[in-house]
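Trainee: Chains as they are written, first to last, in our numbering: chain Z, 1 to 335; chain A, 1001 to 1200.
This is the structure:
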């Protein structure tokens, strides 16, 4: 990845390990882990690769040939960008940690800490330094609520916007008591984060449209209500309307909101009655099963000639609902 | 008869308590004996420092010298330095800068845009300190600058939650629209209070 032989990598590791007080440090757990049962073999994290890349840049980057090669290939720069990008993508895959407000994308503090490669203590130190810097008339301004950070009622924990992350990153680079390798990581985060956020913003913004399209598709595919078997008929005085019901609630399980398996087409009256029965609680497929067993079993009864068919239909529906419950309960999908 | 010096003196407003620019100065002739007296006072106070010399120069000048206004080049150069860029072209391409600008559009063609960036990332320009007016608190315009610690006159290392609330109440008494204050200032003060309390 970095274009160096293994023997050289070992020499660099020995250099990093030699002096614990120099600015070059490779800490186990933060930068790498040892392969189980093999004391010499290390598995590097993204931060570790970045630290070595930074070391190579500072110690060998000055050579004419090395600079010429890097100028034409941008190899090392691309590698480090890709590493940071990977980390940000991993963290922002869980879109429940992202909130869009106006023109800003806010990321949950826990994820921000992970992206910046710091911890709670490092974050507190950075906030203290921002306070010190902004207390006078020289230096950058202070952190503004709803601009740099926000506390949302409908989302857990503090969230930071791109502007807030940029401010944190700048202070960490300029005033943070962190090693050169960590500074290089933070700088790379500031360089690539905006592009990653933009990608996530587009996906999130298209989410509602995808949910709507899935509901329309399910409604068009179904010919009748899955419970009452009623069909919409224009000739009726009061034709029934079909609606797509989210078996796992769309708000509490946004990951399943656009999944067609999670949509059950039922009549609007039944849909209304179910949610009235549920109250304001978010629903699961098992709630719908409970509701059917308590209130709507008559729809699966019939004359002796059709009883067997109706029972089979009931079993099929129950099976589908139980399967859905078992498959996705406590199992969040990346969406 | 003392020889007259070809200059005049004015009522010089003190730097620590600036007066609105509209205050009219009374132009008076400055004669040699007054200047000699002033020089004697200056020397009697020991070796004059830069502040004392500047005060003397302003006495002769008749009014305070205006703080130098930053030129567009100076503004650009300072903002670029913060983001480690050589010039505005490089700054526009900087991903870090673009992230810091998220949600806003700056065409970076006007001096006003660069002044905003300077205030946000470099500091309050010297020429904008010691201001007075209905939107100014502690010498800075609160609509243009977001420096809650300075506005509330508190030290971040020692201020408690109660200190912040108390400072807000003190300023609210003065700037609340009910007592004739500017509603925009009041809104800004509330934002500053909330921003500080969020980390307590």
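From the three backbone atoms N, C-alpha and C, an ideal C-beta is built for every residue, glycine too.
Measure the Cβ-Cβ separation of residue 172/Z and residue 165/Z and say whether it is below 8 Å.
Mentor: On the first chain, residue 172/Z is found 172 positions in, with the first residue counted as 1. On the first chain, residue 165/Z is found 165 positions in, with the first residue counted as 1. Not closer than 8 Å, so no.
Trainee: For residue 1201/A, count neighbouring C-beta atoms within 10 Å of its own C-beta (all shown protein chains included) and say buried if the count is 16 or more, exposed if not.
Mentor: Here chain A comprises residues numbered 1001 to 1200, so residue 1201/A is not present and cannot be evaluated.
Trainee: Report the rounded CA-to-CA distance for residue 131/Z versus residue 1148/A, giving the unit in angstroms.
Mentor: Stepping through the first chain from its first residue, residue 131/Z is reached at position 131. Stepping through the second chain from its first residue, residue 1148/A is reached at position 148. Their backbone Cα atoms lie some 10 Å apart in a straight line.
Trainee: With DSSP run on the structure shown, which of helix, strand or coil describes residue 1123/A?
Mentor: Along the second chain, one-based indexing puts residue 1123/A at 123. Residue 1123/A: strand per DSSP, three-state reduction.
Trainee: Taking the continuous beta strand (DSSP E) assigned at residue 108/Z, which residues delimit it?
Mentor: Working through the first chain from its first residue, we reach residue 108/Z at position 108. Note, residue 108/Z: beta strand (DSSP E), 104 to 108.
Trainee: Using C-beta distances below 6 Å, list every residue in its chain close to residue 1024/A, excluding the 5 sequence neighbours before and after it, in chain order.
Mentor: Within the second chain, the letter at position 24 stands for residue 1024/A. Residue confidence for residue 1024/A is low, a pLDDT of 44 falling below 50, so the modelled location carries little weight; the figure read from the coordinates is stated next. Excluding sequence neighbours, residue 1024/A sits near nothing in its chain.
Trainee: Just to confirm my understanding: we take residue 1154/A, look at its own chain, exclude 5 residues before and 5 after, and list those with CB closer than 7 Å. What are they?
Mentor: As a position in the second chain, residue 1154/A is number 154, starting the count at 1. These residues qualify, in order along the chain: 1163, 1164 and 1167.
Trainee: So, for residue 1054/A: in the same chain, excluding its five sequence neighbours on each side, which residues have a beta-carbon less than 8 Å away from its beta-carbon?
Mentor: As a working mapping, residue 1054/A is identified with position 54 in the second chain. Cβ within range, chain order: 1065.
Trainee: Using a Cβ-Cβ cut-off of less than 8 Å, list which residues of the stretch 166 to 193 of chain Z approach chain A; keep chain order.
Mentor: Under the 8 Å Cβ criterion, the stretch 166 to 193 of chain Z contributes 166, 167, 169, 170, 187, 190, 191, 192 and 193.
Trainee: Find the residues of chain A that neighbour residue 162/Z, judging by a C-beta separation of less than 7 Å, and give them in chain order.
Mentor: Here residue 162/Z refers to the residue found at position 162 of the first chain. Those are 1099 and 1102, listed as they occur along chain A.
Trainee: Per DSSP, which one or two residues make a beta bridge with residue 34/Z?
Mentor: As a first step, residue 34/Z is located in the first chain; it is residue number 34 there, counting from the start. DSSP output for residue 34/Z lists 42/Z as bridge partner(s).
Trainee: Which residues in chain A sit within 9 Å of residue 88/Z, going by Cβ to Cβ distance?
Mentor: Stepping through the first chain from its first residue, residue 88/Z is reached at position 88. Correct list: empty, because the minimum Cβ distance to chain A is about 12 Å.
Trainee: Just checking, does the stretch 292 to 304 of chain Z make contact with the stretch 248 to 268 of chain Z on the three C-beta pairs under 8 Å criterion?
Mentor: The stretch 292 to 304 of chain Z, when compared against the stretch 248 to 268 of chain Z, does not touch it at the 8 Å Cβ threshold.
Trainee: Are any of the Cβ atoms in chain A nearer than 8 Å to that of residue 140/Z?
Mentor: In the first chain, residue 140/Z corresponds to position 140, counting from 1. Closer than 8 Å: yes.
Trainee: What residue range is occupied by the uninterrupted beta strand (DSSP E) comprising residue 149/Z?
Mentor: Along the first chain, read from residue 1 onward, the residue named residue 149/Z stands at position 149. First-last of the beta strand (DSSP E) with residue 149/Z: 149 to 151.
Trainee: What span of residues does the alpha helix (DSSP H) with residue 312/Z cover, start to end?
Mentor: Start at 1 with the first residue of the first chain, and residue 312/Z comes out as number 312. Unbroken alpha helix (DSSP H) run through residue 312/Z: 304 to 328.
Trainee: Using the Cβ count rule (16 or more neighbours within 10 Å means buried), how would you classify residue 102/Z?
Mentor: Counting from one through the first chain, the residue named residue 102/Z turns up at place 102. When all chains shown are included, residue 102/Z counts as exposed.
Trainee: Does the Cβ of residue 262/Z have 16 or more other Cβ atoms within 10 Å, making it buried, or fewer, making it exposed?
Mentor: Position 262 of the first chain, counting from 1, holds the residue named residue 262/Z. Flag for residue 262/Z reads buried.
Trainee: Is there at least one Cβ from chain Z nearer than 8 Å to residue 1130/A's Cβ?
Mentor: Mapped onto the second chain, residue 1130/A falls at position 130. Cβ-Cβ to chain Z under 8 Å: no for residue 1130/A.
Trainee: Cα separation between residue 162/Z and residue 168/Z?
Mentor: Locating residue 162/Z in the first chain gives position 162, counting from the first residue. Locating residue 168/Z in the first chain gives position 168, counting from the first residue. Whole-angstrom Cα-Cα distance: 10 Å.
Trainee: What three-state label does DSSP hand residue 1197/A in the structure shown?
Mentor: The residue given as residue 1197/A occupies position 197 in the second chain. If DSSP states are grouped into helix, strand and coil, residue 1197/A belongs with the helices.
Trainee: Indicate whether at least one CB of chain A lies closer than 8 Å to the CB of residue 145/Z.
Mentor: Stepping through the first chain from its first residue, residue 145/Z is reached at position 145. Yes, its Cβ sits closer than 8 Å to a Cβ of chain A.
Trainee: Near residue 1096/A, which residues of its chain fall below 7 Å by C-beta distance, leaving aside the five closest residues on each side in sequence?
Mentor: As a working mapping, residue 1096/A is identified with position 96 in the second chain. 1083.
Trainee: Should residue 970/A be flagged as near chain Z, meaning a C-beta pair shorter than 8 Å?
Mentor: Outside the displayed span of chain A (1001 to 1200) sits residue 970/A, for which this structure offers no information.
Trainee: Quick one: does residue 31/Z have its CB under 8 Å from some CB of chain A?
Mentor: Residue mapping note: residue 31/Z aligns to position 31 of the first chain, counting from 1. So no, residue 31/Z is outside the interface.
Trainee: Does residue 1153/A get closer than 8 Å to chain Z when you measure Cβ to Cβ?
Mentor: If you number the second chain from 1, residue 1153/A lands on position 153. Taking Cβ atoms only, chain Z never reaches closer than 8 Å to residue 1153/A, which makes this a no.
Trainee: Which class does residue 224/Z belong to by DSSP, given the choice of helix, strand or coil?
Mentor: Against the first chain, residue 224/Z aligns to sequence position 224. It is coil, neither helix nor strand.
Trainee: In whole angstroms, give me the CA-to-CA distance for residue 1150/A and residue 134/Z.
Mentor: Start at 1 with the first residue of the second chain, and residue 1150/A comes out as number 150. Start at 1 with the first residue of the first chain, and residue 134/Z comes out as number 134. Roughly 8 Å separates the two Cα atoms.
Trainee: Which residues, in order along the stretch 1161 to 1184 of chain A, keep a beta-carbon less than 9 Å from a beta-carbon of chain Z?
Mentor: Cβ contacts with chain Z come from no residue of the stretch 1161 to 1184 of chain A.
Trainee: Identify each residue in the stretch 1057 to 1078 of chain A for which the Cβ-Cβ distance to at least one residue of chain Z is less than 9 Å, and report them in chain order.
Mentor: Within the stretch 1057 to 1078 of chain A, no residue qualifies.
Trainee: How far does the beta strand (DSSP E) with residue 174/Z in it reach, from first residue to last?
Mentor: For the purposes of this step, residue 174/Z is identified with residue 174 of the first chain, where counting begins at 1. No beta strand (DSSP E) holds residue 174/Z; the alpha helix (DSSP H) holding it covers 162 to 175.
Trainee: Name the chain A residues whose beta carbon is nearer than 7 Å to that of residue 293/Z?
Mentor: As a working mapping, residue 293/Z is identified with position 293 in the first chain. Ordered by position in chain A, no residue passes the 7 Å Cβ test against residue 293/Z, which lies about 48 Å from the chain.
Trainee: Kindly list the residues whose CB is nearer than 6 Å to the CB of residue 142/Z, restricted to its own chain and excluding five residues on each side of it in sequence; keep chain order.
Mentor: Along the first chain, read from residue 1 onward, the residue named residue 142/Z stands at position 142. Taken in chain order, the residues that qualify are 134.
Trainee: If we define contact as Cβ-Cβ less than 8 Å, is residue 102/Z a contact residue for chain A?
Mentor: Translated into the one-based positions of the first chain, residue 102/Z becomes position 102. Yes, contact with chain A.
Trainee: Cα separation between residue 1113/A and residue 149/Z?
Mentor: Indexing the second chain from 1 puts residue 1113/A at position 113. Indexing the first chain from 1 puts residue 149/Z at position 149. For residue 1113/A and residue 149/Z, the distance between alpha carbons rounds to 23 Å.
Trainee: In its own chain, which residues sit with a C-beta less than 8 Å from the C-beta of residue 1038/A, not counting the 5 before and 5 after it?
Mentor: Numbered from 1 along the second chain, position 38 holds the residue referred to as residue 1038/A. Only 1056 and 1059 meet the Cβ criterion.
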